[in-house]
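Undergrad: Per full-length UniProt numbering, the sequence shown starts with residue 1, numbered consecutively. I'd like to ask you about the structure that follows.
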Amino acid sequence: MNAKDPARAVLFALTAVLLWSTVATAFKWSLQTLSPAQLVFLAALFSSLFLGIVVGWQKKLHLLVSTFLQRPLQFALLGAINPCLYYWVLFEAYDRLPAQQAQTLNYTWAITLTLLSVPLLKHRVTRPQWQGAALGYFGAVIIATRGDLLALQFDSTLGVLLALTSTLLWSIYWIFNARHQADPVVSLLLCFIIGTPWCAVLAGYQGALWPDDWRGWLGAAYVGLFEMGITFILWLTAMRLTDSAARVGNLIFLSPFLSLLFIYGLLGEAIHPATYIGLAFIVCGVLAQQWRRN
């Protein structure tokens, strides 16, 4: 099972990328019948159930307590961030912005991760990496302003701030997560076990927990399985089977472009030319950092 199989690795990775490309559309569709807090809670619930089944099938349920006791405070923090805070902030952004803007702005998390690694991990950021960050955030401004850079008028200033804040939360989650070597699926399940009750409190505070419309249940199940659960397992499998993490990792750059096709085809949202231009800047900025790292 541990043998390298590059062809299967690419197949698993491409499947994960394809599924991730659909979630921006699923977010926006689900938010037609659910509040952001409701979507977070229900999606986290579905993902927790799925991850629990996977960990049980792998006969690793006994690792939950011992893994938690190794770093209880860290898991408490990670569970509060993901799924609760990160997805709530992200869905609030999607609720205020066109899907094309929210998903592309959120994609700058890779750049935010590099910048946060300086104070939190004591990494040194080189001049090309700073240039890549500047390139990426310039692309974000192009998207947020629909190319009207001088006017600096946004569809929703709060929505843009929320989308960028989500990148901060996601980067913090992965930086703290990188500090221990526990089983990744067990760790993710622990985060969801801890975070899902907080999601329920948030949803209950803002309104109803349970949706009346079947579309809300369907959308939350899709998001929980294909954004938070199954796709994560597929990606981990791809990384385990590959003999080149860089080759598989670079396939993720297909995701935002494919996502725009789903947004246009399924949501009927016209893609503004500035979105393509800004996304190109963001991808170039992220690639510049990746090449430098390699």
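Every residue, glycine too, gets a C-beta built ideally from N, C-alpha and C. For clarity, every value in this text was computed on a predicted model and none was experimentally measured.
Below 8 Å between beta carbons: does that hold for S156 and T67?
TA: No; because the gap between Cβ atoms is not below 8 Å, this pair is not in contact.
Undergrad: Going along the chain, which unbroken runs of the alpha helix (DSSP H) with 4 or more residues stay wholly within the stretch 14-70?
TA: Fully enclosed alpha helix (DSSP H) runs of 4 or longer: 36-57 and 63-70.
Undergrad: How far does the alpha helix (DSSP H) with D95 in it reach, from first residue to last?
TA: Residues Y86 to R96.
Undergrad: Please state the DSSP three-state secondary structure of R124.
TA: If DSSP states are grouped into helix, strand and coil, R124 belongs with coil.
Undergrad: Grouping DSSP H, G and I as helix and E and B as strand, with all else coil, what is residue 302?
TA: Residue 302 cannot be examined here, being either before or after the span of the chain that is shown, 1 to 294.
Undergrad: As an exercise, report each continuous alpha helix (DSSP H) stretch of at least 4 residues that is fully enclosed by the stretch 167-203, in chain order.
TA: Fully enclosed alpha helix (DSSP H) runs of 4 or longer: not present.
Undergrad: Where S21 and L260 are concerned, what is the direct C-alpha to C-alpha distance, given to the nearest angstrom?
TA: When rounded, the distance between both Cα atoms is 8 Å.
Undergrad: On the CB-based measure, 16 or more other CB atoms within 10 Å of its CB, does T275 come out buried or exposed?
TA: That one is buried.
Undergrad: Along the alpha helix (DSSP H) that carries I271, what are the first and last residues, could you check?
TA: Looking at the DSSP string, I271 is not in any alpha helix (DSSP H), and its letter there is neither H nor E.
Undergrad: Would DSSP call W210 helix, strand or coil?
TA: It is coil, neither helix nor strand.
Undergrad: Between which two residues does the alpha helix (DSSP H) carrying A99 extend?
TA: Start and end: A99 to N106.
Undergrad: Please list the terminal residues of the continuous alpha helix (DSSP H) segment that includes G229.
TA: Here G229 belongs to no alpha helix (DSSP H), and DSSP marks it neither H nor E.
Undergrad: Comparing C-alpha positions only, which one of Y107, L209, D5 and L169 sits nearest to residue 325?
TA: Because the chain in this structure spans residues 1 to 294, residue 325 falls outside the shown range and cannot be described.
Undergrad: Helix, strand or coil: which one does DSSP assign to T145?
TA: In the structure shown, T145 sits in coil (DSSP, three-state: anything other than H, G, I, E or B).
Undergrad: Helix, strand or coil for S156 per DSSP?
TA: Residue state, collapsed to three classes: coil.
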